[in-house]
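Chemist: Per the UniProt record's numbering, the sequence shown starts with residue 1, numbered consecutively. From the three backbone atoms N, C-alpha and C, an ideal C-beta is built for every residue, glycine too. This one's a predicted model, so the numbers in the text were calculated from it and none came from an experiment.
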Amino acid sequence: MTQESEISLLLDEPAPASKLQAAKDIFAGTVGGVAQVLVGQPFDTTKVRIQSSPTPGTSPIEVIRSLLKNEGPLAFYKGTLLPLVGIGACVSIQFSVNESMKRFFTYVNDGPNRMNSLQFLIAGGAGGFANGFLASPIEHVRIRLQVQTGSSAGGAGVYKGPIDVLRHIYSAGGTAAIFRGLVPTLMRESIGIGVYFMTFEALVQNTMHKHSIARQQVESWKLCLFGGLAGYSMWITVYPVDVIKSKLQTDTLGAWKYRNSLHVVRSILASPLGWRGFFVGFTPTILRAAPANAATFMAFEWTMRLIN
Numbered sequence: 001m002t003q004e005s006e007i008s009l010l011l012d013e014p015a016p017a018s019k020l021q022a023a024k025d026i027f028a029g030t031v032g033g034v035a036q037v038l039v040g041q042p043f044d045t046t047k048v049r050i051q052s053s054p055t056p057g058t059s060p061i062e063v064i065r066s067l068l069k070n071e072g073p074l075a076f077y078k079g080t081l082l083p084l085v086g087i088g089a090c091v092s093i094q095f096s097v098n099e100s101m102k103r104f105f106t107y108v109n110d111g112p113n114r115m116n117s118l119q120f121l122i123a124g125g126a127g128g129f130a131n132g133f134l135a136s137p138i139e140h141v142r143i144r145l146q147v148q149t150g151s152s153a154g155g156a157g158v159y160k161g162p163i164d165v166l167r168h169i170y171s172a173g174g175t176a177a178i179f180r181g182l183v184p185t186l187m188r189e190s191i192g193i194g195v196y197f198m199t200f201e202a203l204v205q206n207t208m209h210k211h212s213i214a215r216q217q218v219e220s221w222k223l224c225l226f227g228g229l230a231g232y233s234m235w236i237t238v239y240p241v242d243v244i245k246s247k248l249q250t251d252t253l254g255a256w257k258y259r260n261s262l263h264v265v266r267s268i269l270a271s272p273l274g275w276r277g278f279f280v281g282f283t284p285t286i287l288r289a290a291p292a293n294a295a296t297f298m299a300f301e302w303t304m305r306l307i308n
């Protein structure tokens, strides 16, 4: 058999992975997603309020003061029930697809320590892309609950909960309206999650090789540190895309201001902030990145250790 045919045969064979292992990946990813929501929701609510503010240059402190004064501390957890379920599902998809792709590359490479950075990037990007189709409608509902203040939100009255938000969105534009912001979501997830997992895996692999230890022996504080750094790398890479997504998903229902992502880009550049408009809300996002993603990876890795 020639070398070319051997390679072809190898690529045609599926990477070995049991249904039980896939179930473990999904469960551990869900635990990581719940941890991410509980830790990161207050920061995320602050970020969304800034991104959707009609007043350019609104600071995080102004948003926090307004929330505490007018709506109370529980306002930071508006729309939390949906993220606990939805983001848990989203993160489980990210991690399960990433783990499946890692097993595939490990199988193709014929060794657990031979994955390179590009393969980690592809594995994470695949997880992000798969997740994007679920994340887009979930985040659309979540974001409208988060920006809801006082007596109105999104020009459609007070939302009573996630189902009520869905009804309003669907009435305003059908299924297309529910998936409004899908393109920037897929772009953010594919690129951002790819960088996210690549950064974490590079740091973990370096520690394993440097100290000649197994993955299960990497200390908890390092898992938290690496998770935080992975969060930083992701948001620094794709934050402007997230702003575009938020603008589309907080647009007035039925009286759309923005036609598409390109229209949002032009609008931001034409605003008084100019290119800086792509970074509104960046401070709470970066402050959130470390604790939220440290909790995510810590929860995932420890859950995998326990159930394995």
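How do the region 292-304 and the region 31-51 stand: do at least 3 beta-carbon pairs fall below 8 Å, yes or no?
Modeler: With the cut-off at 8 Å, the region 292-304 and the region 31-51 touch.
Chemist: How far does the alpha helix (DSSP H) with Y239 in it extend, from its first residue to its last?
Modeler: Here residue 239 refers to the residue found at position 239 of the sequence shown. Segment 220-249, the alpha helix (DSSP H) holding Y239.
Chemist: Could you have a look at Q148 and say whether DSSP puts it in helix, strand or coil?
Modeler: As a first step, residue 148 must be located in the sequence shown, where it is residue number 148. Note: Q148 maps to coil in three-state DSSP.
Chemist: Kindly confirm or deny that the region 57-65 and the region 95-113 touch, where touching means at least three C-beta pairs closer than 8 Å.
Modeler: Contact between the region 57-65 and the region 95-113 is absent, because fewer than three Cβ pairs lie under 8 Å.
Chemist: With the cut-off set at 8 Å, would you say A176 and L253 are in Cβ contact?
Modeler: In the sequence shown, residue 176 corresponds to position 176, counting from 1. In the sequence shown, residue 253 corresponds to position 253, counting from 1. Going by C-beta atoms, A176 is not nearer than 8 Å to L253.
Chemist: Excluding sequence positions up to five away, which residues of its chain have a Cβ less than 6 Å from the Cβ of M234?
Modeler: In the sequence shown, residue 234 corresponds to position 234, counting from 1. Scanning its chain for C-beta atoms nearer than 6 Å, with the 5 sequence neighbours on each side dropped, one finds around M234 the residues G192, V195, Y196, in chain order.
Chemist: Indicate the three-state DSSP secondary structure (helix, strand or coil) for T199 in the structure shown.
Modeler: Translated into positions along the sequence shown, residue 199 becomes position 199. Helix.
Chemist: Less than 7 Å between the CB of A22 and some heavy atom of the ligand FAD, yes or no?
Modeler: In the structure on display, the ligand FAD does not appear, and there are no ligands present to speak of.
Chemist: Rounded to the nearest angstrom, how far is the Cβ of V243 from that of V280, given a contact under 8 Å?
Modeler: Numbered from its first residue, the sequence shown carries residue 243 at position 243. Numbered from its first residue, the sequence shown carries residue 280 at position 280. With a Cβ gap of about 6 Å, V243 and V280 count as contacting.
Chemist: Return the first residue and the last residue of the alpha helix (DSSP H) that A255 is part of.
Modeler: On the sequence shown, position 255 is the one that residue 255 refers to. Under the DSSP assignment, A255 falls outside any alpha helix (DSSP H); it carries neither an H nor an E label.
Chemist: Straight-line CA distance for Q216 to F129?
Modeler: On the sequence shown, residue 216 is found 216 positions in, with the first residue counted as 1. On the sequence shown, residue 129 is found 129 positions in, with the first residue counted as 1. Cα to Cα, the separation comes out at about 28 Å.
Chemist: Tell me whether G155 sits in a helix, a strand or coil according to DSSP, three-state version.
Modeler: Stepping through the sequence shown from its first residue, residue 155 is reached at position 155. Note on G155: pLDDT 46, under 50, position unreliable in the model; no value is reported.
Chemist: So which of G29, K19, N260, K24 has the shortest CA-CA distance to N293?
Modeler: In the sequence shown, residue 293 corresponds to position 293, counting from 1. Nearest option by C-alpha distance: G29.
Chemist: Should I213 go down as buried or exposed, given a rule of 16 or more other Cβ atoms within 10 Å for buried?
Modeler: As a position in the sequence shown, residue 213 is number 213, starting the count at 1. Burial call: exposed.
Chemist: Pick out whichever of L186, T106, Q205 has its Cα sitting closest to the Cα of V218.
Modeler: On the sequence shown, position 218 is the one that residue 218 refers to. Taking each of L186, T106, Q205 in turn and checking the Cα distance to V218, the smallest one comes out for Q205.
Chemist: Going by alpha carbons, who is nearest to A135 out of A89, F104, V108?
Modeler: The sequence position of residue 135 within the sequence shown is 135, counting from 1. Closest option to A135, Cα to Cα, is A89.
Chemist: Comparing alpha-carbon positions, which option in L145, S96, D110, R144 lies nearest G127?
Modeler: Taking the first residue of the sequence shown as position 1, residue 127 is located at position 127. The shortest C-alpha separation from G127 is found at S96.
Chemist: For S117, is the classification buried or exposed, using 16 other Cβ atoms within 10 angstroms of its Cβ as the cut-off for buried?
Modeler: Position 117 of the sequence shown, counted from the first residue, corresponds to residue 117. S117 is exposed by the Cβ-count criterion.
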